[in-house]
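Residues 55 to 467 in my numbering are what the sequence shown spells out, letter by letter. For each residue, glycine too, the CB sits at the ideal point set by N, CA and C. The structure displayed is predicted, hence computed values, not measured ones. One structure is given here, and the rest of the page talks about it.
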Amino acid sequence: MRIRTLLLYLIGDRQAILDIAADRRALWVGLVFVLSAGFAREYDGHELLHEPWHLLIPLAASLISSTLLFVLACGKILIRREGRPTAWSTYRSFLTLFWMTAPLAWLYAIPYERFLSEVDAIQANLWTLSLVAVWRVVLMVRVVAVITNIHWVLSAPLVMLFADGVALAAAFVMPIPIISGMGGIRHSDGEKLIHCVAIAIRILGSLSLSIWLIGSIVSWIIARPSWAAAGRPVSGSIAGILVLAAASLLVWLPILPFTQKEQHLRWAVEREMRSGRIDEGLDLMSAHSPGDFPPHWEPPPRVGYRESTPHILDIVEALQRRNDAGWVRSRYIDAFRRFMGEEYAFYDPDECKRGEELKRAALIISQIPEGPAIAADHQKTIQEALREGFPRFDDEERKSLELILQTARKPRP
């Protein structure tokens with residue numbers, strides 16, 4: 055197996071698919087590629103010294119995914135009575151082919167965040183993810199068709215059923231910003247984009263799932279698969295592709311010291327904050343500039359995701375008795391403003407701030423220099439809510455709302 059074989063495989067060449075499936079040595083090359091894909095994903099996304107397990111996520115995911123797709127696409131070969139290959143040899147070849155798609159994930163290493171705005175970087179990452187996903191799906195449709203000797207029309211619904219299920223699982227498991235109809239939290243453009251994409255995947259994936267399920271049932275009934283990779287001779291040197299595999303890991307040695315310095319600082323701040331050591335976390339942030347942290351990093355809590363550890367009110371209260379760096383204060387005041395919601399948030403009894411949370415927020419608004427501007431955002435809706443009696447507020451809540459209205463009438467600094 056040569057580098058040329060890999061390149062031909064990635065564009066669906068039949069002979070390359072069969073050569074890789076028959077070469078036992080390719081399994082270990084594929085394993086190295088999967089590990090390198092882990093670095094491509096996480097080299098600037100996680101603190102790998104203290105959380106090295108992130109590098110193993112692609113490996114674990116590939117083992118689970120390949121097993122599911124193998125059963126779906128090749129299971130009929132293994133349950134027939136005559137002429138069936140051994141389960142392990144068949145799965146080993148399939149796993150090798152699955153792992154050899156890992157070089158496509160090297161595209162995830164493009165550091166869009168370093169030269170694009172937050173929204174543009176998210177869009178670029180989503181387009182890259184889409185490109186890799188579509189490429190892999192099309193390639194696996196071809197792979198299944200070749201190694202099982204069936205037409206691609208019959209292999210397509212099997213692969214699409216698997217891909218649809220994976221996309222749905224990711225869309226439902228992945229944390230996304232929680233957006234309500236009445237704007238209980240004010241979201242950034244980036245959070246809105248992530249939310250819309252995730253919801254679109256959930257809807258479209260759910261609608262198309264039945265189509266791929268029916269298609270897969272038809273494929274299983276019609277197809278007469280046979281294992282095409284059995285008994286093929288293997289020859290040739292693999293020195294070139296071994297060098298490529300080694301280089302795909304070694305290339306990260308000069309890169310990690312730069313990106314991991316930022317990630318270590320991020321990890322340290324988040325550890326302090328989420329452990330309730332707010333002062334220590336603020337001290338650490340104030341001792342550095344924004345450029346020392348990862349691009350577009352949002353210090354905890356991410357209010358758009360409804361995170362509450364630590365609570366944004368606890369942090370803003372701490373800021374009032376401290377003299378932190380200007381950028382730190384600016385980040386958290388902006389987070390507090392987003393926490394208070396959109397201008398119409400107080401129309402929604404389920405989304406507007408209530409009780410002790412409202413009392414603390416109103417007191418903060420009345421005390422901070424940015425308070426009049428924040429109060430003015432909600433002045434109209436609070437006045438209408440108090441006048442119309444809906445939502446219904448108790449006496450303490452009405453006092454807090456009156457305090458916000460008083461603050462809105464103050465001159466802005």
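As assigned by DSSP and simplified to three states, the class of residue i
{"i": "Val125", "result": "helix"}
{"i": "Tyr63", "result": "helix"}
{"i": "Cys406", "result": "coil"}
{"i": "Phe226", "result": "helix"}
{"i": "Trp181", "result": "helix"}
{"i": "Ile204", "result": "coil"}
{"i": "Met236", "result": "In this predicted model, Met236 has a pLDDT of only 48, less than 50, meaning its place in the structure is not dependable; the value taken from the coordinates is given anyway. Looking at Met236 - three-state DSSP - the assignment turns out to be coil, as it is neither helix nor strand."}
{"i": "Ala91", "result": "helix"}
{"i": "Trp351", "result": "coil"}
{"i": "Ser420", "result": "helix"}
{"i": "Asp243", "result": "helix"}
{"i": "Tyr398", "result": "coil"}
Residue i versus residue j: straight-line alpha-carbon distance, rounded
{"i": "Met236", "j": "Pro403", "result": "Low confidence applies to Met236: its pLDDT is 48, below 50, so where it sits in the model is not reliable, and the reading given next is rough at best. Straight-line Cα distance between these residues: approximately 10 Å."}
{"i": "Leu267", "j": "Arg196", "result": "19 Å"}
{"i": "Ile204", "j": "Val357", "result": "51 Å"}
{"i": "Gly269", "j": "Val207", "result": "10 Å"}
{"i": "Gln374", "j": "Ala175", "result": "34 Å"}
{"i": "Thr150", "j": "Ala80", "result": "6 Å"}
{"i": "Ser260", "j": "Leu222", "result": "7 Å"}
{"i": "Gly129", "j": "Ala141", "result": "9 Å"}
{"i": "Leu161", "j": "Ser340", "result": "34 Å"}
{"i": "Thr313", "j": "Trp82", "result": "28 Å"}
{"i": "Ser184", "j": "Ile239", "result": "29 Å"}
{"i": "Leu263", "j": "Phe124", "result": "19 Å"}
{"i": "Gly84", "j": "Arg328", "result": "38 Å"}
{"i": "Leu304", "j": "Asp346", "result": "25 Å"}
Identity of the residue in the options nearest residue i by Cα
{"i": "Ala225", "options": "Cys250, Arg95, Ala462 and Pro308", "result": "Cys250"}
{"i": "Ser171", "options": "Ala127, Lys407 and Asp243", "result": "Asp243"}
{"i": "Ile419", "options": "Arg466, Leu440 and Asp378", "result": "Arg466"}
{"i": "His318", "options": "Gly92, Gly219, Arg408 and Leu102", "result": "Leu102"}
{"i": "Ile111", "options": "Ala94, Trp274, Met214 and Thr435", "result": "Ala94"}
{"i": "Ala199", "options": "Leu126, Ala427, His104 and Ile428", "result": "Leu126"}
{"i": "Tyr145", "options": "Ile248, Asp346, Ala283 and Val86", "result": "Ala283"}
{"i": "Asp218", "options": "Ala156, Gly290 and Ser119", "result": "Ser119"}
{"i": "Lys453", "options": "Lys464, Leu440 and Phe444", "result": "Leu440"}
{"i": "Ile230", "options": "Phe216, His108, Lys246 and Ile265", "result": "Lys246"}
{"i": "Lys413", "options": "Leu455, Asp346, Pro364 and His342", "result": "Leu455"}
{"i": "Ala416", "options": "Ser147, Met394 and Trp181", "result": "Met394"}
{"i": "His100", "options": "Leu62, Ala322 and Thr121", "result": "Ala322"}
{"i": "Ser116", "options": "Asp98, Val272, Thr155 and Asp388", "result": "Thr155"}
Nonlocal neighbours in the same chain, by C-beta distance under 7 Å from residue i, ignoring five residues either side
{"i": "Leu298", "result": "Ile57"}
{"i": "Tyr166", "result": "Ala175, Ala178 and Asn179"}
{"i": "Val382", "result": "Leu336, Met339 and Ser340"}
{"i": "Ala48", "result": "Any answer about residue 48 is impossible in this case: the structure gives the chain only from 55 up to 467."}
Cut-off 6 Å between Cβ atoms - residues of its own chain near residue i, not counting five sequence neighbours on either side
{"i": "Ile232", "result": "Arg360"}
Below-8 Å beta-carbon distance, residue i vs any chain D residue
{"i": "Gln69", "result": "Protein chain content of the structure displayed is limited to a single chain, and chain D is not contained in it."}
Residues near residue i by beta carbon distance below 8 Å, same chain, minus five either side
{"i": "Asp300", "result": "Per the sequence presented here, residue 300 reads as Ala, with Asp not at that position. Cβ neighbours of Ala300 beyond the five flanking positions: Val86."}
* Asked: If you scan the segment 279–329 from start to end, which runs of the beta strand (DSSP E) of 3 or more residues do you find wholly inside it?
  -> none
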